[in-house]
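Taking it in order: structure first as structure tokens, then the write-up.
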Amino acid sequence: MPVVVVVGGQWGDEGKGRIIDLLARKARVVARYSAGNNAGHTIVNELGEFKLHLVPAGIFYPEKTCVIGNGVAVDPEVLLGEISQLESRGINTSKLAVSARAQVVMPWHRLIDRLEEERLGAEAIGTTGKGIGPCFTDKVARRGIRIIDLLEPEDLLSRMRSVLDYQNRVITGVYGGEPIDFDACFEEYTEFGRRLQPFVADTQAIVTDALQAGEYVLLEGAQGSLLDLDHGTYEYVTSSVPSSTAGGATLGIGIGPTNVQRAVGVFKSYCTRVGNGPFPTELFGEISDQLRDHGKEFGRGEYGTTTGRPRRIGWLDTVAARYSVRFNGLSALALTRLDVLDGLPALKLCTAYEIDGEIVKTMPASASALRKVKPVYEELPGWDAPTSGVRNFDDLPAEAQVYIRRVESLLGVPVDLISVGPEREQAIIVNPIF
Ligand code: GDP
Ligand code: IMO
Ligand code: MG
């Protein structure tokens, strides 16, 4: 009953959606376990190019069940929009199941997300503005609205009155904003509940049944491990509870940790970050512009899938990556966007940090220490030959092979999969993950 967890190893946008779309072939169930529509996963396959925010990337296989687990924050309007968009493009969504226990992103969450970012000013987190932080805050504070509540309007009525009374006090009192109208909101969300009802299911039972039948289950991570509340670059992190790390996966689905056989970390062949916060290997200038704009003419540059913001670019940071390997317990790596490095004369790998003259090989907890980091680099030769058509490791340019082997040895984990393009088949399977 193998369960494989796929997590982002860096600051998000590593290509998780693309890897899930490839690996889903062998799975019976693909389940999202955390975050919300702050995530944006791009998938390119024979059916076209898709950007998913909530629906798991297994949806392109009609026979697979796709689960949105209890750990996900669901914006019903976004989910319903995504379902109808997929349907309009001929993708069957009838096997999508949404947990009755998932939290709902409400209008006050989006509003407070924006108002709080404005209040923070220069110290803003640079959130996606989708209300995800306030939604998880309310989950923990026991003020959340869950999917099941939308299906039980009588109970929702009293619950929402109490919750909205609190939220309006915050909106007007703390931020000087305009209160949200109860009646319009209640009507809108009970209607969302009616439309979502056919998808609501006991998702924990779906996953458990698949495991008992000996089927493969793929747990789809969102965001990146370095955005995790506990292990990430706090306070420039996301607020998902459970966390988007491998440790959060079973909590967000409702299965025990002993079910998980493998945790696969998706890493870009370099680094990106969108939003604010420390980024030790960040690059400015020609190389970062070149990497960001690779494929831009086809809408495939390094610009946020959810917000369109330009992504910050840096060399591969193996100090941060090693840390991520360790706290996720990764058993394999999937290295993406190798082709984007084609043509660079030389590549750099950050192997240590220099902080106040001291060499450090682990990720400091202190944000101010992280800001002072001078990366210690190892330089490797680049390669000229294009890699996007390569399907066997041995056919990669020798310098690309050296680069990958060096990453493996610095991280202590094998690279089992190499992605050399955004399309499903543009991959080198070094060792089968399932
Ligand atoms: P996710 O959030 O981790 O699923 O990643 P995103 O979809 O936000 O960003 C990854 C981007 O890289 C998308 O535009 C993908 O289509 C693209 N991509 C993924 N793997 C590769 C690859 O190996 N090569 C290239 N050129 N693009 C890739
Ligand atoms: P995928 O799944 C990249 C970042 C935001 C911001 C911080 C907090 O596509 O990899 P939030 O809106 O979550 O409160 O913002 O987290 N962030 C992501 N960055 N990819 C994501 O998801 C992200 N989800 C959140 O940019 O810095
Ligand atoms: Mg993304």
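Using the working numbering, the first residue of the sequence shown is number 227, and each one after it goes up by one. Beta carbons: idealized from backbone N, C-alpha and C, even for Gly.
Within the same chain, Cβ atoms closer than 8 Å to the Cβ of alanine 328 are found at Ile294, Gly295, Asn296, Gly297, Val298, Ala299, Val300, Arg372, Ile373, the five residues on either side in sequence being excluded. For glycine 266, the distance from the CB to the nearest heavy atom of the ligand MG is below 7 Å. Going by C-alpha positions, serine 466 is about 9 Å away from cysteine 361.
If you ignore the 5 residues before and after methionine 589, its C-beta comes within less than 7 Å of the C-beta of Val545, Ala546, Tyr549, all in its own chain and listed in chain order. The three-state secondary structure of threonine 498, taken from DSSP, is strand. Shown here, glutamate 343 sits in a helix according to DSSP, grouped into three states. Relative to the ligand MG, even the nearest heavy atom lies 7 Å or more away from the CB of threonine 354. Judged by DSSP secondary structure, alanine 572 falls within the beta strand (DSSP E) whose first and last residues are 572-581. In this structure, the ligand IMO has a non-hydrogen atom nearer than 7 Å to the beta-carbon of glutamine 449. If you keep only unbroken alpha helix (DSSP H) runs of at least 4 residues inside the region 588-633, you get 593-598. Exposure of alanine 367 is indicated by the presence of fewer than 16 other C-beta atoms within 10 angstroms of its C-beta. Glutamine 423 counts as exposed, since fewer than 16 other C-beta atoms from the protein chains shown sit within 10 angstroms of its C-beta. Taking C-alpha positions only, aspartate 610 is separated from isoleucine 432 by approximately 48 Å. Going by DSSP, glutamate 413 is part of the alpha helix (DSSP H) stretching over 408-422. Here isoleucine 269 is buried, its C-beta having at least 16 other C-beta atoms within 10 Å. Valine 389 has its CB no nearer than 7 Å to any heavy atom of the ligand IMO. Boundaries of the beta strand (DSSP E) around leucine 444: 443-446. DSSP, reduced to helix, strand and coil, places threonine 319 outside both helices and strands of the structure shown, so it counts as coil.
For phenylalanine 505, no beta strand (DSSP E) run applies, since DSSP gives it neither H nor E. Secondary structure at arginine 488: strand, using DSSP grouped into helix, strand and coil. Taken in chain order, the complete alpha helix (DSSP H) segments of 4 residues or longer contained in the region 515-575 are 544-554. Relative to the ligand GDP, glutamine 487 has its C-beta separated by 7 Å or more from all heavy atoms. Taking C-beta atoms as the reference points, valine 324 and valine 426 count as a pair closer than 8 Å.
Annotation for serine 384: the continuous alpha helix (DSSP H) segment containing it runs 379-395. DSSP places valine 400 within a helical segment (H, G or I) once states are collapsed to three. Per DSSP, threonine 291 is not a residue of any alpha helix (DSSP H); the beta strand (DSSP E) it occupies stretches across 291-294.
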